[in-house]
Amino acid sequence: MISAALLIALALSPTAGATGLASPGCTVIAGAKVYTPTGPQDDLDVLLRADRIERVGPGLNEPGCARVEAKGLTLTPGFVEPWAQLGLIEVDLEGASRDDEGRGPDLRAAEGYNPRSSVVPVTRVAGVTSVVIAPSGGGLAGQAAWVDLAGGTQAEAVQSASVAMVWAPHEDLPVALYELRALLEEARSYGKSRAAWEQNRTRPYTAAPRDLDALQPVLRGELPLVVTVDRAADIESILRFAKEERLRIVILGGAEAWRLAEALAEAKVPVILDPLTYGPSSFTSRDARPDNAALLHAAGVDVMISSRQLHNVRVLGQNAGNAVREGLPHDAAITALTATPARVFGLTDLGVVAPGARANLVLWSGDPLELSTTVTGLWIGGEAIPLVSRQTLLRDRYLTNPAALPAPSL
Amino acid sequence: MLIPMRSGPLLLPLLSAFAGLLACRPPKPPDTPPPEPARLSSLEERGLSPVEAAPVINPPPLLLTGAKVMTAAGVTHDPGWVLLRDGRIAELGAGEPPAAQDARRIDLAGRVITPGLIDTHSHIGVYAAPDAQAHSDGNEMTSPVTAGVWSEHAVWPEDPQLELLVAGGVTTAQILPGSGNLIGGRGVILHLVPTRGARAMRLPGAPETLKMACGENPKRVYGERGSEPSTRMGNLHVQREAFYAAERLLRDWEDYTQEHEDWAKDGAEGDPPTPPDRDLAQETLALVLRGDILPQVHCYRADDMLNMLQLADELGFSIRSFHHALEAYKIRDVLAERDVAVSTWADWWGFKLEAWDGIEANAAMLAQAGVRAVIHSDSPIGAQRLNQEAAKARRAGAQAGITFTDDQTLRWITANPAWALGVEDQVGTLEPGKRADLTVWDGDPFSVYTHAELVIIDGSLRYRHDDGSQPWSDWTLGREVTP
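Order-wise, the sequence lines are chains A and B. For the first sequence, position 64 matches number 64 in the working numbering, and the numbering has no gaps at all. When you read off a place in the second sequence, starting at 1, and then add 410, the result is the number in the working numbering.
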């Protein structure tokens with residue numbers, strides 16, 4: 001039997017190859033409760049043209065455009081997973097399927113991204129349209145990229161090839177700071193003496209020149225450094241270090257970040273956290289609290305929510321719902337999942353339902369964070385995406401009779 | 411008695427043996443029953459004798475009123491009432507409660523009462539928090555078959571995660587060894603109350619269980635060491651050998667029992683027959699063959715599950731529950747026919763190849779086919795929100811055109827896991843006579859926004875949300891966790 005979602009998906013995908021329909025080039029999504037930059041508003045229409053949102057308002061009538069009746073439904077920007085190896089790893093335990101290894105500042109995760117990973121459709125049909133993909137490993141692993149979960153090529157999928165520098169400090173923090181401080185000092189020296197270096201008139205550097213080049217935007221504060229850190233004392237050390245080195249940083253993990261909420265707010269340091277982190281799961285998360293996000297938000301910190309998953313990035317909404325359960329305001333949770341990562345990572349035309357923004361949109365049957373809500377419509381870059389994944393195909397294959405395996409017909 | 415003088419060298423030993431027989435054996439009084447034979451079951455009892463007394467609570471009677479009462483037994487009373495007495499559910503019903511003068515009345519308007527949740531797959535206590543080398547007690551990965559080890563011996567009752575489960579509404583959990591071994595050892599079914607030792611935390615009367623694993627994990631662990639198993643065929647080979655050895659042991663016990671019976675009938679002359687030598691691993695497997703220990707089998711792929719069912723048929727035992735079983739939907743007809751429970755997740759998949767074909771509708775398709783579907787956690791994070799996981803599994807069903815009532819969905823985390831653990835006579839539903847294990851929720855238990863507000867175990871309040879009282883784990887004591 002064809003699910004309602006599939007019916008709507010087929011109706012919404014005029015460019016679906018299977019149907020061979022021509023794209024009208026514009027779509028009006030009519031009458032939904034829309035999460036605008038100023039909060040949710042009922043009965044709004046959203047006009048998409050090409051890959052952009054053109055207009056948002058009540059009663060938009062555009063002849064010649066496809067129309068999606070969305071009364072009683074909810075429209076949000078596509079959710080953004082701010083940190084995952086999605087598309088870099090296919091099967092965790094199979095090394096041959098992994099392209100996530102970090103090496104140094106000049107490494108670019110975007111070069112390993114597979115837009116045709118099975119994980120992509122599984123993730124987007126749950127309403128996640130974008131992911132910041134990051135290399136794994138300890139130390140300065142390399143550069144993270146922003147990808148949208150549509151498009152068959154890297155060129156189509158990668159929206160920005162370098163959005164952050166990734167640093168997972170050695171578990172012994174003084175060692176990690178000792179090493180990074182020395183590297184940044186070299187990078188500064190190299191940055192000032194580039195011409196002289198070309199003529200062999202500088203001191204020798206231990207780091208590779210390409211890595212020193214790659215660190216220049218970090219030194220200028222243009223490229224944020226995302227730091228994996230949980231323990232309050234470690235966050236305090238890193239805040240001090242970032243201030244001394246004049247770095248723009250983002251905290252990833254932040255299990256005990258609530259203890260430094262004021263300091264983080266004052267330093268304007270955003271935090272990527274998983275609301276399901278609990279204490280004392282480890283020595284560094286001893287004081288984790290379920291209301292971490294709520295406390296940080298109340299202090300004025302930019303909060304982003306991560307699933308800390310790969311194959312299950314789709315639980316992002318549930319994780320955010322848990323943060324709301326513990327006191328994060330609902331609107332703040334939606335913002336944390338959309339506009340905040342876009343702003344922090346420099347993609348200002350993403351993560352919002354506003355004229356001129358890239359049309360990454362999700363239509364939900366109800367509250368996007370509730371566990372009974374389903375995705376009924378999905379657009380990435382203005383293109384309607386069928387709500388089909390390998391998992392829905394497997395389900396449908398086995399739905400009627402598990403023993404009736406496919407066979408050709410005469 | 412005359413001894414022929416010709417038996418020279420044999421004379422002394424014979425004489426002394428005979429004298430020994432005469433000297434050490436006093437005349438038997440008439441009508442003494444012959445000594446009982448040794449039994450596997452008495453050896454079991456010996457191994458299970460407690461030192462710390464199980465917690466004895468005499469909770470006062472409680473009358474919970476005004477809440478929506480979800481029994482997980484096909485009936486919901488909205489509003490309803492539940493009367494608890496002597497640690498049991500005495501009565502329950504709809505509307506106005508009876509006047510139970512001796513009971514303390516608690517008004518729970520706006521709340522929802524369910525049976526306490528049951529997690530069939532947990533490593534709490536054996537992989538205790540905080541994550542530490544010293545706490546790595548879940549996998550005795552020194553041999554692929556360690557049937558003689560017991561999870562109970564590795565559970566740390568001070569694991570801070572135990573009370574986090576209770577805060578999530580869980581009242582009973584099966585603690586299992588990991589899946590590094592083909593046969594990892596016995597699980598233990600715990601009633602989540604604070605005790606000093608693990609044995610006192612056992613759910614009284616719960617059966618023994620055995621953890622088995624198929625597929626990638628055991629063959630990877632031992633294959634990397636260059637020993638068997640290193641392939642799926644090695645997996646089955648080692649498991650079959652282990653069970654056949656246990657079958658031989660069972661036959662030895664049967665032979666011994668028969669010999670003992672014959673010896674007793676013949677007047678119990680001389681020494682009684684000697685029972686088989688002790689072998690903790692083989693005894694455990696023998697008890698599985700006898701149906702006394704319930705197998706809990708970690709297995710992902712449909713074909714691997716069929717192999718395990720074949721193994722069970724070959725040896726004559728029944729698998730009580732598969733665990734994880736991401737491809738169970740592909741063989742749900744077989745599982746339904748054999749009444750094998752399936753403990754699975756709402757949405758985990760992909761971390762290894764045997765998990766590649768996981769789908770969100772697994773539990774729903776199984777339940778529709780008449781299989782006892784269970785949502786388990788295998789995770790301290792999932793265990794704190796089993797209700798949320800069940801909600802997601804129900805949603806996936808709806809997307810596939812399969813709908814479930816609240817009661818049916820609730821069974822996935824209450825009545826069905828109770829059956830999978832062989833404790834369905836005691837817990838898992840709100841019915842008169844069952845243990846008073848209840849979770850009181852501050853809203854719809856399937857909403858992401860709902861908390862467990864109160865958790866009652868054996869009729870005694872064990873958890874109150876946000877009440878600021880001291881944690882029960884000593885590890886957590888002394889932490890100030892206030893902003």
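We treat Cβ as the ideally placed atom computed from N, Cα and C, and that holds for glycine.
Find the nearest neighbour of residue i within the set the options, judged by alpha-carbon distance.
i: ASP367 of chain A; options: A:VAL269, A:GLN318, A:SER189, A:GLY191; result: A:GLN318
i: ARG103 of chain A; options: A:GLY78, A:VAL120, A:ALA144; result: A:ALA144
i: ALA66 of chain A; options: A:GLY25, A:GLY57, A:ASP45; result: A:GLY25
i: LEU887 of chain B; options: B:PRO682, B:GLU573, B:ALA504; result: B:GLU573
i: LYS192 of chain A; options: A:ASP172, A:GLU171, A:GLU179, A:ARG220; result: A:ARG220
i: GLU737 of chain B; options: B:LEU450, B:ASP854, B:ALA783; result: B:ALA783
i: PRO445 of chain B; options: B:PRO469, B:GLY680, B:GLY548; result: B:GLY680
i: ASN667 of chain B; options: B:ASP884, B:ALA808, B:PRO682; result: Before going further, note that residue 667 of chain B is Thr rather than Asn in the sequence given. Selected option, being the one with the closest Cα: B:PRO682.
i: LYS844 of chain B; options: B:TRP851, B:ASP835, B:VAL850; result: B:ASP835
i: PRO40 of chain A; options: A:ALA333, A:GLN391, A:LEU347; result: A:ALA333
i: LEU276 of chain A; options: A:ALA288, A:ALA384, A:THR335; result: A:ALA288
i: GLN794 of chain B; options: B:ARG635, B:THR582, B:ARG630, B:ASN549; result: B:THR582
Against residue i, what residues of chain B qualify as contacts under a CB-to-CB distance less than 7 Å, listed in chain order?
i: HIS311 of chain A; result: TRP759, GLY760, PHE761
i: TYR35 of chain A; result: In chain order: nothing, as chain B lies at least about 18 Å away.
i: GLU94 of chain A; result: LEU763
i: ARG395 of chain A; result: ILE769, ALA771, ALA810
Quick one: which chain B residues come within Cβ less than 8 Å of residue i?
i: ALA403 of chain A; result: ASP743
i: ARG414 of chain A; result: As shown, chain A starts at 1 and ends at 410. That puts residue 414 of chain A outside it, with no answer to give.
i: VAL68 of chain A; result: Here the premise fails: no neighbours, minimum Cβ distance about 19 Å.
i: ARG314 of chain A; result: ASP757
i: VAL91 of chain A; result: GLY760, PHE761, LYS762, LEU763, TRP766
Buried or exposed, going by whether 16 or more other CB atoms sit within 10 Å of the CB of residue i?
i: ARG181 of chain A; result: exposed
i: LYS498 of chain A; result: A question about residue 498 of chain A goes unanswered here, because the residues of chain A that appear run from 1 up to 410.
i: ALA404 of chain A; result: exposed
i: MET365 of chain B; result: Residue 365 of chain B lies beyond the range of chain B shown here (411 to 893); nothing can be said about it.
i: ALA433 of chain B; result: Here the model assigns ALA433 of chain B a pLDDT of 49, short of 50, so the residue's position is not dependable, and the following value carries that caveat. The residue in question, ALA433 of chain B, is exposed, as its Cβ has fewer than 16 Cβ neighbours within 10 Å.
i: PHE403 of chain B; result: Chain B is shown from 411 up to 893; residue 403 of chain B falls before or after that span and cannot be answered.
i: GLN720 of chain B; result: exposed
i: HIS311 of chain A; result: buried
i: LYS71 of chain A; result: exposed
i: LYS478 of chain B; result: buried
i: SER452 of chain B; result: exposed
i: VAL461 of chain B; result: exposed
i: VAL466 of chain B; result: exposed
i: ASN61 of chain A; result: exposed
i: THR38 of chain A; result: exposed
i: LEU296 of chain A; result: buried
So who's on the other strand from residue i, going by DSSP bridges?
i: GLY39 of chain A; result: A:THR36
i: GLU101 of chain A; result: A:SER136
i: GLU81 of chain A; result: A:VAL131
i: THR27 of chain A; result: A:LEU48, A:ALA66
i: ALA601 of chain B; result: A quick correction: the sequence has His, not Ala, at residue 601 of chain B. The partner list for HIS601 of chain B (beta bridge, DSSP) reads B:THR582.
i: ILE467 of chain B; result: Per DSSP, none; premise fails for ILE467 of chain B.
i: SER307 of chain A; result: SER307 of chain A is not bridged to any residue.
i: GLN159 of chain A; result: In the DSSP output, where bridge partners are listed per residue, GLN159 of chain A has none listed.
Along chain A, which residues have their Cβ under 7 Å away from the Cβ of residue i?
i: ALA539 of chain B; result: PRO280, SER281
i: LYS740 of chain B; result: TYR398, PRO402
i: ALA801 of chain B; result: LEU371, SER372
i: TRP851 of chain B; result: Near TRP851 of chain B there are no residues of chain A at all, since even the closest Cβ is about 12 Å away, more than 7 Å.
In chain A, which residues lie with their C-beta within 9 Å of the C-beta of residue i?
i: ARG805 of chain B; result: LEU371, SER372, THR373, THR374
i: MET775 of chain B; result: ARG395, TYR398, LEU399, PRO402
For residue i, return the contacting residues in chain A, with the cut-off set at a CB-CB distance below 8 Å.
i: LYS478 of chain B; result: Here the premise fails: no neighbours, minimum Cβ distance about 17 Å.
i: LEU574 of chain B; result: TYR278
i: MET715 of chain B; result: By Cβ distance, chain A contributes nothing, its closest Cβ being about 12 Å from MET715 of chain B, past 8 Å.
Return no unless some Cβ of chain D is closer than 8 Å to the Cβ of residue i.
i: TRP566 of chain B; result: No chain D appears in the structure shown, which is made up of the protein chains A and B.
Under the criterion of a Cβ to heavy atom distance below 7 Å, does residue i qualify as lining the ligand ADP?
i: ASP749 of chain B; result: Within the structure as shown, the ligand ADP is missing, as the structure has no ligands at all.
Using the beta-carbon of each residue, which ones in chain B are nearer than 9 Å to residue i?
i: VAL119 of chain A; result: GLY760
i: GLY321 of chain A; result: GLN798, SER857, VAL858, TYR859
With 7 Å as the C-beta to C-beta threshold (strictly closer), list the residues of the segment 128-151 of chain A near chain B in chain order.
-> So nothing in the stretch comes that close.
Closer than 8 Å, Cβ to Cβ, to anything on chain A: give me those residues from the segment 814-848 of chain B, in chain order.
-> From the segment 814-848 of chain B, no residue has a Cβ closer than 8 Å to chain A.
Looking at chain A, which residues of the segment 778-791 of chain B have a Cβ within less than 9 Å of any of its Cβ atoms?
-> Taken in chain order, the members of the segment 778-791 of chain B whose beta-carbon sits within less than 9 Å of a beta-carbon on chain A are ALA779, PRO790, ILE791.
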